[in-house]
Amino acid sequence: MHILVVEDERILCETIARSLKRLAYSVDCCYDGITAMQMLADDNFDLVVLDLNLPDADGMTVLRTLRKTDRDTKVLILSARSEVSDKVDGLDAGANDYLAKPFHLEELAARIRSLTLRQFTQNDVVLTCGDVSFDTKSRKAIVGDEPLPLTRKETGILEYLMVNRGRPISQEEFIEHVWDNSVDNFSNSIRVHISALRKKLRTSLGYDPIRNRIGEGYVMGEEE
Ligand code: CA
20 MHILVVEDER ILCETIARSL KRLAYSVDCC YDGITAMQML ADDNFDLVVL DLNLPDADGM
80 TVLRTLRKTD RDTKVLILSA RSEVSDKVDG LDAGANDYLA KPFHLEELAA RIRSLTLRQF
140 TQNDVVLTCG DVSFDTKSRK AIVGDEPLPL TRKETGILEY LMVNRGRPIS QEEFIEHVWD
200 NSVDNFSNSI RVHISALRKK LRTSLGYDPI RNRIGEGYVM GEEE
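Numbering (this note's numbering), first residue to last: 20 to 243.
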């Protein structure tokens with residue numbers, strides 16, 4: 020899941036980003052409204068954590084601009100303005116959720132989990148695909164009853180495959196949803212992470228649950 024955090028208080032922005040990266044999300048930071056609109060136009064994010072009081076262009080402007088062309092990206096407004104009217108305005112303009120400052124990072128993570136899962140058919144906290152489970156709350160993969168230790172990238176890849184089970188995912192789509200802008204977007208490195216993930220799954224399961232459909236991408240949980 021690729022998340023953009025728009026917040027001009029840099030320390031808060033980086034604290035949020037760090038805590039989400041620890042949960043194996045890919046996260047980019049942005050500190051003003053104009054840059055946020057550019058990044059949203061250029062990149063494909065699954066979710067935006069959006070502060071309302073921003074320099075250059077405020078959060079409501081960013082939200083309205085995004086919603087002119089994009090209804091899919093989830094928007095969670097973060098604001099010190101706790102008046103009901105601000106909340107209503109935000110939701111009316113197409114935000115999916117609203118969190119008043121100050122907040123606990125755990126609550127932010129819970130809201131993000133619920134928003135990112137809502138767009139898919141599986142609403143469960145634990146995603147399952149054959150003998151593999153992914154607990155979206157603890158952000159851990161489980162094979163049988165045993166936890167399967169994965170790197171951040173491997174975790175992101177597995178989660179993305181599992182929420183999209185049955186649908187092939189191309190390398191380009193992985194780049195958009197599992198990688199953030201701080202790393203090289205070379206397809207080679209994606210192949211390396213996918214092959215490391217497949218190796219761990221194969222060792223632990225005795226078979227490889229990920230299939231490579233030539234010309235389409237990688238898929239998990241497709242019908243045999
Ligand atoms: Ca602010």
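Using N, Cα and C, we set each Cβ at its ideal position, and we do this for glycine too.
Three-state class that DSSP yields for residue i in the structure shown
{"i": "residue 131", "result": "helix"}
{"i": "residue 106", "result": "helix"}
{"i": "residue 77", "result": "coil"}
{"i": "residue 237", "result": "strand"}
{"i": "residue 226", "result": "coil"}
{"i": "residue 232", "result": "strand"}
{"i": "residue 119", "result": "strand"}
{"i": "residue 125", "result": "helix"}
{"i": "residue 169", "result": "coil"}
{"i": "residue 82", "result": "helix"}
{"i": "residue 243", "result": "With a pLDDT of 49 at residue 243, under the threshold of 50, the predicted position of this residue should be treated as unreliable, though the coordinate-derived value follows. Residue state, collapsed to three classes: coil."}
Of the residues the options, the one placed nearest residue i, counting alpha carbons only
{"i": "residue 22", "options": "62, 57, 67", "result": "67"}
{"i": "residue 62", "options": "89, 32, 37", "result": "89"}
{"i": "residue 47", "options": "195, 224, 210, 225", "result": "195"}
{"i": "residue 155", "options": "191, 135, 149", "result": "135"}
{"i": "residue 153", "options": "171, 210, 181", "result": "181"}
{"i": "residue 93", "options": "75, 64, 87", "result": "64"}
{"i": "residue 169", "options": "146, 234, 133, 223", "result": "223"}
{"i": "residue 99", "options": "213, 71, 128", "result": "71"}
{"i": "residue 163", "options": "57, 127, 150, 236", "result": "150"}
{"i": "residue 124", "options": "20, 231, 34", "result": "34"}
Identified DSSP bridge partners for residue i
{"i": "residue 23", "result": "47, 67"}
{"i": "residue 154", "result": "145, 159"}
{"i": "residue 96", "result": "69, 117"}
Cβ separation of residue i and residue j, assumed to be a contact under 8 Å, to the nearest whole Å
{"i": "residue 131", "j": "residue 95", "result": "7 Å"}
{"i": "residue 175", "j": "residue 38", "result": "Not a contact, Cβ separation roughly 15 Å."}
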